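For what it's worth, this note's numbering labels the leading residue of the sequence shown as 421, then goes sequentially. Worksheet for the structure shown next.
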Amino acid sequence: MKTEAVNSDYTAEIKERIRGLGADLVGVAHTEPLKELRLDPPDLLDNFTRAVSMAVRLPAAVFEELPGRPTPVYKSVYQTANAMLDQIAFRAAVMLQDHGNYSMPVAASQVLDQENWYAAISHKAVARMAGLGWQGKNLLLITPQYGSRVRLVTVLTNAPLSVDAPLKNRCGNCDQGDVLK
Ligand code: B12
421 MKTEAVNSDY TAEIKERIRG LGADLVGVAH TEPLKELRLD PPDLLDNFTR
471 AVSMAVRLPA AVFEELPGRP TPVYKSVYQT ANAMLDQIAF RAAVMLQDHG
521 NYSMPVAASQ VLDQENWYAA ISHKAVARMA GLGWQGKNLL LITPQYGSRV
571 RLVTVLTNAP LSVDAPLKNR CGNCDQGDVL K
C-alpha cells in the first residue's frame, strides 16, 4: 500500500475500513490549525500531520425519554459510546501503524485538567476542521446527518491522508430538531 504521498485512494480505503470498525462518520483535518488549541501536553501535535475525526451516532429515544436530567439509561449509553469510540480509535491507530504511519488514539472522554475541564485536545475542534459538522448554538458539534446526537473521538497520525474541508455553519433560526427532520 502506497503511503509516501497524499493519496486519495488510500484515504478512501482508510475511511471505509474505519466505518467498518463501527464509526458512522469519518473525516480528516490538518493538525496545523489545531496547534492554536490548548493542548495537553503542549507539544501533542508535533509528530502528527493529520487528525482523523470519528463519530458514532446515539440512539435518539434515549434523549426523547430524558426527564431533563441524566438517567441510568443515559449513563449506560454514554459509557457504551465512549467504550466503542475508544476501541474504534485504538484499532484505527494500529491499522494506520501497520501501514507504516506513526499514529495515536486520543481517548473519547478523558479529562486531564480537573480544575478547568480540559482534555488532551478538543474533539469538537478536530471534528469541525475535519468537515464532520459545525459548532451549534448549544456549543456541541452539529452534523448534517445526526444533529448533535453524536459522540466523537480522534486519532493523530502522520499518514498521507487527504484532508476534508470544514462545513459551512447552517445554524439560522433552526434548532437541532430541525436538522434531524
Ligand atoms: C470536559 C468536558 C465536559 C465538561 C466541561 C465542558 C468544557 N469545558 O468544554 C462538562 C462535564 C461540563 C461537559 C458537558 C457536556 N459534554 Co463534554 N466533554 C468534555 C471533554 C472531555 C473535554 C472538553 C475540553 O477539553 N474542552 C476544552 C475547550 C477548549 O474546547 P471545546 O469546548 O471542546 O471547544 C472549543 C474549541 O473546539 C474551539 N474551536 C472550535 N472549532 C475550532 C477550530 C480551531 C482551528 C480552533 C483553534 C478552535 C476551535 O471553540 C470551542 C469553544 O471555545 C470533551 C472530550 C474532548 N476531548 O473534546 C467532551 C465533549 C465535548 N462532551 C461532549 C458532550 C456530548 C457533553 C454533554 C452533552 C453531556 C455529556 N457528558 O454527554 C455536555 C454538553 C455541555 C455543552 N452544551 O457544551 C461531547 C461533544 C459531542 C458533540 N456532539 O459535540 C465530547 C466531545 C465528548 C465526546 N467524546 O464526544 N463536557
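Just so you know, even glycine gets a beta-carbon here, dropped at the ideal spot from N, CA and C. As the structure is a prediction and not an experimental result, all values here were calculated from the model.
Report yes if the C-beta of residue i is less than 7 Å from at least one heavy atom of the ligand B12; otherwise report no.
i	result
residue 555	yes
residue 529	yes
residue 535	no
residue 549	yes
residue 610	There is no way to answer for residue 610, as the model of the chain reaches only from 421 to 601.
residue 573	yes
residue 570	yes
residue 559	yes
residue 477	no
residue 545	yes
residue 505	yes
residue 459	no
residue 436	no
residue 456	yes
residue 453	yes
residue 498	yes
residue 430	no
residue 522	no
Who does residue i pair with in a DSSP beta bridge?
i	result
residue 562	554
residue 471	449, 576
residue 567	563
Would DSSP call residue i helix, strand or coil?
i	result
residue 542	coil
residue 572	strand
residue 445	strand
residue 590	coil
residue 525	strand
residue 533	strand
residue 476	strand
residue 440	helix
residue 425	coil
residue 486	coil
residue 514	helix
residue 601	Residue placement at residue 601 is poorly supported in this model, since its pLDDT is 45, which falls under 50; the coordinates are not used for a value here.
residue 458	coil
residue 505	helix
residue 497	helix
residue 491	coil
Since residue i contacts residue j with CB under 8 Å, what's their CB separation in whole angstroms?
i	j	result
residue 573	residue 508	7 Å
residue 471	residue 550	7 Å
residue 459	residue 545	Going by Cβ atoms, the distance from residue 459 to residue 545 rounds to 10 Å, so no, they are not a contact pair.
residue 569	residue 486	No, residue 569 and residue 486 are not in contact; Cβ-Cβ is about 12 Å, not under 8 Å.
residue 525	residue 510	5 Å
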